[in-house]
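Visitor:
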Amino acid sequence: MDPKEKMKIPRQKMPEQKPEVRRGNFQEVPFGYPEETAMLEAKRCLQCKKPGCMKGCPVEVKIPDFIRLIAEGDHWGAIKKIKETNSLPAVCGRVCPQESQCESMCIVGKKAEPVAVGRLERFVADLERKSGKVSKPQIAPPTGKRVAVVGSGPSGLTVAGDLSRMGHKVVIFEALHKAGGVLVYGIPEFRLPKEIVQAEINFLQDIGIEVECNTVIGKADTLDELLNNGFDAVFVGTGAGAPIFMNIPGENLIGVYSANEYLTRSNLMKAYLFPEYDTPILTSKVVVVVGGGNVAMDSARTALRLGANEVHLVYRRSKEEMPARTEEAHHAEEEGVIFDLLTNPLRYIGDDKGKLVAVECQKMELGEPDQSGRRRPVPIKGSEFQLAIDTAIVAIGNGPNPLVPSTTPDLKLNRKGNIEADLRNCKTSKRGVFAGGDIVRGAATVILAMGDGKVSARSIDAYLKDPAWWDLPTPEPEPQPEKAPKATKKPE
Amino acid sequence: MHKIVRTDTLAPSMFLMEVEAPKIAEKRKAGQFIILRIDEKGERVPFTVADSDTKRGTITLIYQVVGKTTAQMSSLRAGDSLLDICGPLGQPTHIEKFGTVCCIGGGTGIAIAYPIAKSLGQAGNKVLSILGARTKELLFYENEVRAISNELLICTDDGSYGQKGLVTDMLKQLIDRGEQLKLVVAIGPVPMMKFVARMTKEYNIHTIVSLNPIMIDGSGMCGCCRVSVGGATKFVCVDGPEFDAHQVDFELLTKRLASYREKEAQAYDMYKHACKIGRG
Ligand SMILES: Cc1cc2nc3c(=O)[nH]c(=O)nc-3n(C[C@H](O)[C@H](O)[C@H](O)COP(=O)(O)OP(=O)(O)OC[C@H]3O[C@@H](n4cnc5c(N)ncnc54)[C@H](O)[C@@H]3O)c2cc1C
Ligand SMILES: Cc1cc2nc3c(=O)[nH]c(=O)nc-3n(C[C@H](O)[C@H](O)[C@H](O)COP(=O)(O)OP(=O)(O)OC[C@H]3O[C@@H](n4cnc5c(N)ncnc54)[C@H](O)[C@@H]3O)c2cc1C
Ligand code: SF4
Ligand code: SF4
Ligand code: FES
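First to last, the protein sequences are chains H and U. With the working numbering applied, the first sequence closes on residue 597, and no number is skipped along the way. With the working numbering applied, the second sequence closes on residue 619, and no number is skipped along the way.
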């Protein structure tokens, strides 16, 4: 097929549950590509000599190569190719912000819609998992070295997998009773089925990694105790898990949740199956979600599925500035989430039992751009109004969890309380301690956390082979994976 | 999995459970707690570590049956297991030699006050303990508390045991007879803690209470355990559970504890119903 013909094939749609149906269940929204569709989509790739797409991927998946293999019908070859650089393709294919990463840099995207890299990645990853024939990687002979990984989010899982392949013994310590980090407690089932994450954890355990859940490092053992008690190095991937509130009146009323609490009750504790499962969650009629990111979208869509009649998303800027993935905002709107844009909550109002009954908001308008380049929202005087609600979910961001930093005095932090680490090698200020993912970057993405995991594994391996590595100057600066700018939106 | 090695009934609806958790037994300090899950469908519920035995590798929990999870716990026997125990959690009690201290335990609070009183005693303080209950049969741990206290005062609301009265009356007696109390530790039902706080504020005695809000993760991630202390929002699981009693907003705590009252009642009723059917 010549490029012209290729360009004529439209981007293939992924079949999904109808909005009216899916807002009543927790099953995954898209069904994934059938094989023919995947092969047709794969044919759209121009097999560029200088593929832009790879520059947009923080872990440099060999995109043209794996897509060519799909087009040729060699799906197993494709999955092997992806796994050379990305150990969690079923996850990334679903949750990566492709429209601002790989797909935003696709050459086809300049004239038409970009090649659906994420959907193709998901297609082969699902095929592999469903076949049950996950190939075991080659594992180097044991080195006798032991590494502790604190936190089992995407950064921790990646560093553990890579180090284990290099022959090091890895123990993952996780605070919660299930491993997976945000992938299990935050991102809902309808966007990332938990079975996928569990399959990854099982795989890591199969290759010899120990996972110790229910262990809060800083409370059980400190980093120093780990280093003094048989671990040669430690990786800290504890994420950005401390909820931020706005500090406005009424935030402690019954019915005001942090997004973390709301999502944890629903996802991790399966409150949507109450009373079969013991953990309750409020049954709501009218819900307000504050924020405009993925976390806000997930909360709003969860509230709908838990039976709310009306869900408002209150965001203080306009739709253009919304940090959520385009696809997720689109899904939320289709399901009936009402977007109250350029609106900001001022206070929550409760009854005499301390229950939330209303929120007072204010309208905003966009002023001059701020440091982030986004136009700053400015309140409009006299625009205050009240909305009767029974549930509010605050999804304005998360800060670093303080438990490890506060018990490790010699670990340098930045102004915001994130651990300082050189992202070229993930070295921290404390010898033998490496860090990556959201605890270093602040709330970022799954794939950036995994990228840090990869870098850390390489560094830790070098350090374990020769402790003098620690004191070597860092070689020439590698380009740092920055947060890619948000791409302009293209309707599907 | 954590094997239960011993269970005991301390009073009607008040139970003890000794369970294997060697690492926690070794690490835990007075004032700290754990979060457990009985089984895969279970809720995550917090309990204070009332005692530990490093040789046996066990911790002791003392709990009152108030709902589904605690009722289910009371149906377990030695040899059964709990699925998860996470801990130790929370800040340990600040222990030093203060001089004369008074530890007050009311109801379930006795279990929480006991390890604190024990540690304060070991640090060389003169420990005056007060235990209070509604009625005689609800009182437990009398001997244990007596063994670690310089003096023990007991009161019941109905006068069926010890003196008739409230723990605040006992505290007043100590103050009136001239005890120079450097610290009061008051742990029990929220109203009790509130009244003790009100009294000690008058006398300007530093007072600590241990708060028991609803929790999930216990690691500062969800914010469900938030309380207001001195006008600022705190997370009890990481900033507490102990706070300066004179700064705590007890009204807010009481209200937030009622967040899920209807759902909890529903779960408890279903459980009781299922048990009846199970017994035939
Ligand atoms: C609701 C939600 C939706 C999101 N959607 C997307 C999306 O669509 N796409 C995307 O790319 N990104 C998304 N993100 C962001 C992404 O999930 C994070 O950037 C990523 O998970 C960070 O990975 P991590 O390895 O740094 O840590 P996390 O995933 O945060 O995991 C950290 C783990 O460490 C554990 N831990 C913390 N402290 C301790 C301790 N002291 N001891 C032991 N364990 C500890 C925690 O319990 C947790 O399990 C979303 C985030 C949220 C909350
Ligand atoms: C730090 C801390 C230490 C505690 N120590 C003890 C102890 O040593 N002994 C003891 O008997 N109790 C203790 N509690 C209280 C105990 O956790 C609750 O009684 C228990 O969760 C009730 O669960 P249930 O399912 O039986 O009752 P439910 O029917 O679920 O609830 C009954 C009441 O218990 C409270 N509660 C419910 N769920 C939770 C939860 N997840 N976390 C906290 N409270 C909840 C609410 O006020 C509720 O109205 C402690 C609580 C905290 C926060
Ligand atoms: S890992 Fe993410 S960014 Fe990279 S190719 Fe896959 S979907 Fe795109
Ligand atoms: S840039 Fe687009 S067309 Fe080119 S190789 Fe990558 S996916 Fe294919
Ligand atoms: S219990 Fe979740 S933050 Fe305290």
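No residue lacks a Cβ here, since even glycine has one placed at the ideal position from N, Cα and C.
Measuring only between beta-carbons, confirm whether residue 359/H sits less than 8 Å from chain U.
Guide: Residue 359/H sits at position 254 when you count from the first residue of the first sequence. Chain U, which has a Cβ nearer than 8 Å to the Cβ of residue 359/H, makes this yes.
Visitor: Comparing alpha-carbon positions, which option in 401/U, 555/U, 558/U, 509/U lies nearest residue 534/U?
Guide: Along the second sequence, one-based indexing puts residue 534/U at 195. Closest by alpha carbon: 509/U.
Visitor: What in chain H is Cβ-close to residue 376/U, meaning under 7 Å?
Guide: Stepping through the second sequence from its first residue, residue 376/U is reached at position 37. What residue 376/U touches in chain H: 282.
Visitor: Determine, using beta-carbon pairs with one atom in the segment 371-381 of chain H and one in the segment 571-581 of chain H, whether at least three such pairs fall under 8 Å.
Guide: The segment 371-381 of chain H vs the segment 571-581 of chain H: no contact.
Visitor: Pull up the DSSP beta-bridge partners for residue 583/U, would you.
Guide: Taking the first residue of the second sequence as 1, we reach residue 583/U at position 244. 547/U.
Visitor: So residue 199/H and residue 297/H are supposed to be a Cβ contact under 8 Å. How far apart are they, rounded?
Guide: Your numbering for residue 199/H matches position 94 in the first sequence. Your numbering for residue 297/H matches position 192 in the first sequence. About 5 Å; that satisfies the 8 Å criterion.
Visitor: Looking at ligand 4, does it come within less than 7 Å of residue 201/H, judged from the CB to the closest heavy atom?
Guide: Locating residue 201/H in the first sequence gives position 96, counting from the first residue. Not so, every heavy atom of ligand 4 lies at least 7 Å from the Cβ.
Visitor: Run through DSSP, which three-state label would residue 597/H get?
Guide: Within the first sequence, residue 597/H is the residue found at index 492, counting from 1. Per-residue confidence for residue 597/H stands at a pLDDT of 35, beneath the threshold of 50, marking its modelled position as unreliable; no derived number is given.
Visitor: Ordered along the chain, which non-local residues of its own chain (more than five positions away) have a Cβ less than 7 Å from that of residue 507/U?
Guide: For the purposes of this step, residue 507/U is identified with residue 168 of the second sequence, where counting begins at 1. Same-chain partners within the cutoff: 534, 535, 538.
Visitor: Taking the CB atoms as reference points, tell me whether residue 505/U and residue 460/U lie closer together than 8 Å.
Guide: Indexing the second sequence from 1 puts residue 505/U at position 166. Indexing the second sequence from 1 puts residue 460/U at position 121. No, the Cβ-Cβ distance between residue 505/U and residue 460/U is not below 8 Å.
Visitor: Between which two residues does the beta strand (DSSP E) holding residue 414/U run?
Guide: Sequence index remark: in the second sequence, residue 414/U carries index 75 (1-based). Looking at the DSSP string, residue 414/U is not in any beta strand (DSSP E), and its letter there is neither H nor E.
Visitor: If we cut at 8 Å on Cβ distances, does residue 577/U have a partner in chain H?
Guide: Within the second sequence, residue 577/U is the residue found at index 238, counting from 1. Residue 577/U counts as touching chain H.
Visitor: For the segment 399-411 of chain U and the segment 437-452 of chain U, state whether three or more C-beta atom pairs, one from each stretch, are separated by less than 8 Å.
Guide: Yes: at least three Cβ pairs fall under 8 Å.
Visitor: With a cut-off of 8 Å, does the C-beta of residue 563/U fall near any C-beta of chain H?
Guide: Here residue 563/U corresponds to residue number 224 of the second sequence, with the count starting at 1. Yes, residue 563/U lies at the interface with chain H (some Cβ there is under 8 Å from its Cβ).
Visitor: Under a three-way DSSP split, which group does residue 325/H fall into?
Guide: Along the first sequence, one-based indexing puts residue 325/H at 220. Note: residue 325/H maps to coil in three-state DSSP.
Visitor: Using a cut-off of 8 Å between C-beta atoms, extract the partners of residue 385/U located in chain H.
Guide: For the purposes of this step, residue 385/U is taken as residue 46 along the second sequence, with counting starting at 1. The premise fails here: residue 385/U is roughly 13 Å from chain H at the closest Cβ pair, so nothing lies under 8 Å.
Visitor: Can you give the Cα-Cα distance for residue 525/U and residue 549/U, rounded to whole angstroms?
Guide: Sequence index remark: in the second sequence, residue 525/U carries index 186 (1-based). Sequence index remark: in the second sequence, residue 549/U carries index 210 (1-based). Going by the C-alpha atoms only, they are around 7 Å apart.
Visitor: Is residue 557/U near ligand 6 - that is, is its Cβ less than 7 Å away from at least one heavy atom of it?
Guide: Absence of ligand 6 is noted for the structure shown, with ligand 1, ligand 2, ligand 3, ligand 4 and ligand 5 being the only ligands found.
Visitor: Please classify residue 529/U: does DSSP put it in a helix, a strand, or coil?
Guide: Here residue 529/U refers to the residue found at position 190 of the second sequence. Helix.
Visitor: Determine the DSSP secondary structure at residue 361/U, reduced to helix, strand or coil.
Guide: For the purposes of this step, residue 361/U is taken as residue 22 along the second sequence, with counting starting at 1. Note: residue 361/U maps to helix in three-state DSSP.
Visitor: Residues of the segment 578-597 of chain U with a CB closer than 9 Å to any CB of chain H: list them in chain order, please.
Guide: Of all residues in the segment 578-597 of chain U, 588, 590, 591, 593, 594, 595, 597 have a Cβ within less than 9 Å of some Cβ in chain H.
Visitor: Can you list, in chain order, the residues of its chain with a C-beta nearer than 7 Å to that of residue 592/H? Leave out the 5 residues immediately preceding and following it.
Guide: Stepping through the first sequence from its first residue, residue 592/H is reached at position 487. Residue placement at residue 592/H cannot be trusted, given a pLDDT of 42 that sits under 50; what the coordinates show is reported in the next sentence. The answer, listed in chain order, is 204, 205, 209.
Visitor: Which one of 378/H, 418/H, 383/H, 566/H has the shortest CA to CA distance from residue 531/H?
Guide: Residue 531/H sits at position 426 when you count from the first residue of the first sequence. It is 566/H whose Cα lies nearest to the Cα of residue 531/H.
Visitor: Cα-Cα, which of 513/U, 574/U, 600/U, 474/U is closest to residue 351/U?
Guide: Residue mapping note: residue 351/U aligns to position 12 of the second sequence, counting from 1. Checking every option, the nearest Cα to that of residue 351/U belongs to 474/U.
Visitor: Quick check on this structure: which residue in 195/H, 350/H, 491/H, 511/H has the alpha carbon closest to the alpha carbon of residue 501/H?
Guide: As a working note, residue 501/H is residue 396 in the first sequence. Of the candidates 195/H, 350/H, 491/H, 511/H, the one whose C-alpha sits nearest the C-alpha of residue 501/H is 350/H.
Visitor: Give me the Cβ distance between residue 509/H and residue 328/H, rounded to the nearest whole Å; I'm assuming they're in contact under 8 Å.
Guide: Translated into positions along the first sequence, residue 509/H becomes position 404. Translated into positions along the first sequence, residue 328/H becomes position 223. Going by Cβ atoms, the distance from residue 509/H to residue 328/H rounds to 7 Å, so yes, they are a contact pair.
Visitor: What are the residues in the segment 500-521 of chain H lying within 8 Å of chain U by C-beta distance?
Guide: Listed by position, the residues of the segment 500-521 of chain H near chain U (Cβ gap below 8 Å) are 506, 507, 508.
Visitor: Quick one: what's got a C-beta closer than 8 Å to residue 553/U's C-beta in the same chain, skipping five residues either side?
Guide: Within the second sequence, residue 553/U is the residue found at index 214, counting from 1. Cβ within range, chain order: 563, 564, 595, 596, 598, 599.
Visitor: Give me the Cα-Cα distance between residue 181/H and residue 187/H, rounded to the nearest whole angstrom.
Guide: Residue mapping note: residue 181/H aligns to position 76 of the first sequence, counting from 1. Residue mapping note: residue 187/H aligns to position 82 of the first sequence, counting from 1. Distance between the alpha carbons of residue 181/H and residue 187/H is about 10 Å.
Visitor: Apply the 10 Å Cβ neighbour rule to residue 477/H and answer buried if 16 or more other Cβ atoms are within range, or exposed otherwise.
Guide: Position 372 of the first sequence, counting from 1, holds the residue named residue 477/H. By the 10 Å Cβ count, residue 477/H comes out exposed.
Visitor: Touching or not, the segment 532-547 of chain H and the segment 394-411 of chain H, by the rule of three or more beta carbon pairs under 8 Å?
Guide: No contact exists between the segment 532-547 of chain H and the segment 394-411 of chain H.
Visitor: Does the Cβ-Cβ distance between residue 415/U and residue 375/U come in under 8 Å?
Guide: Mapped onto the second sequence, residue 415/U falls at position 76. Mapped onto the second sequence, residue 375/U falls at position 36. Taking 8 Å as the Cβ cut-off, residue 415/U and residue 375/U do not qualify as a contacting pair.
Visitor: In terms of residue numbering, what span does the beta strand (DSSP E) encompassing residue 74/H cover?
Guide: Any question about residue 74/H goes unanswered here, given that chain H covers just 106 to 597.
Visitor: Please state whether the Cβ-Cβ distance between residue 456/U and residue 436/U is less than 8 Å.
Guide: Here residue 456/U corresponds to residue number 117 of the second sequence, with the count starting at 1. Here residue 436/U corresponds to residue number 97 of the second sequence, with the count starting at 1. The answer is no: Cβ separation not under 8 Å.
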